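I have placed the structure first, in the form of structure tokens, so that the comments after it can refer back to it.
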């Protein structure tokens, strides 16, 4: 197997995720925390993120239904999700979370609903892309870890 | 990365309910050779202090179930733990005022950079060494 080609593909995929705005520098900060003692740290964190974010999204979905116009509650849930997005560098998802919170501040139910759909969409897309990225990294082997995009 | 081995190891308390944030901060502290204890909310943190545990530095998230970060900071200071450095953390800048009013030493917006953390720990270790 051509491992160097796989590593190039992984680097290209990561660069694309940055160029399209899915990820920001914070993702590199997470990858930089990997070392020989924790070689899969980034993937472990991302896996944890998607587990927790799926739960938060479900909580928000229930809150939108069970607590109509409870903008404080909706905002509180979304604040948690936005925080997690920031922590892993999920830039586009974070932006949609911020839009939702702005609509909460305006008391705009329709805006919240539409924004929430965007949050879910970005969540799904990011999950697919990062799963593909880490799968490629695993195939590329240990030397296929962190490189900064464009370098 | 500068060596943290200046004759003393910092003991940190991480008060954080968000799993991802907690795992990342713990990993950063591990890389900086810092001993870390975890509390998942302010009450768990207070319980640790009541058990007689001491720390050189506390990192506290703002919004948490059971007891918030600023509430915990207020209680920690009221218990007489005036020497411990307390760092308030939040993804919202609005948390700064609440933390500082509660008695935190510094507020850092999330996500915290490793360089920022290293600098804070170096300062804590330096002061610890000065006290002997």
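Chains as they are written, first to last, in the numbering used here: chain U, 1 to 151; chain S, 152 to 283. All C-beta atoms in this analysis are idealised placements derived from N, C-alpha and C, irrespective of residue type, glycine included. This one's a predicted model, so the numbers in the text were calculated from it and none came from an experiment.
- Of the candidates S:210, S:201, S:172, S:222, S:210 places its Cα closest to the Cα of residue 272 (chain S).
- Proximity of residue 45 (chain U) to chain S, defined by a Cβ-Cβ separation below 7 Å, is satisfied.
- Shown in chain order are the members of the stretch 205-226 of chain S whose Cβ falls below 9 Å from a Cβ of chain U: 212, 214.
- Each residue's CA atom was taken as its position, placing residue 109 (chain U) and residue 280 (chain S) some 56 Å apart.
- A Cβ-Cβ contact shorter than 7 Å links residue 96 (chain U) with residue 122 (chain U).
- Within chain U, the residues whose beta carbon sits less than 9 Å from that of residue 170 (chain S) are 48, 49, 51, 52, 84, listed in sequence order.
- Here residue 214 (chain S) has no same chain residue with a Cβ atom under 6 Å from its own Cβ, once five neighbours each way along the sequence are excluded.
- When the alpha-carbon of residue 86 (chain U) is set against those of U:127, U:137, U:30, U:112, the nearest one is in U:30.
- For residue 26 (chain U), the nearest beta carbon of chain S is closer than 7 Å to its own beta carbon.
- When CB distances to chain U are screened at a threshold of 7 Å, the residues of the stretch 173-198 of chain S falling below it are 174, 175, 178, 179, 182, in chain order.
- Under the DSSP definition of a beta bridge, residue 259 (chain S) partners with S:240.
- For residue 233 (chain S), the secondary structure class from DSSP, reduced to helix, strand or coil, is coil.
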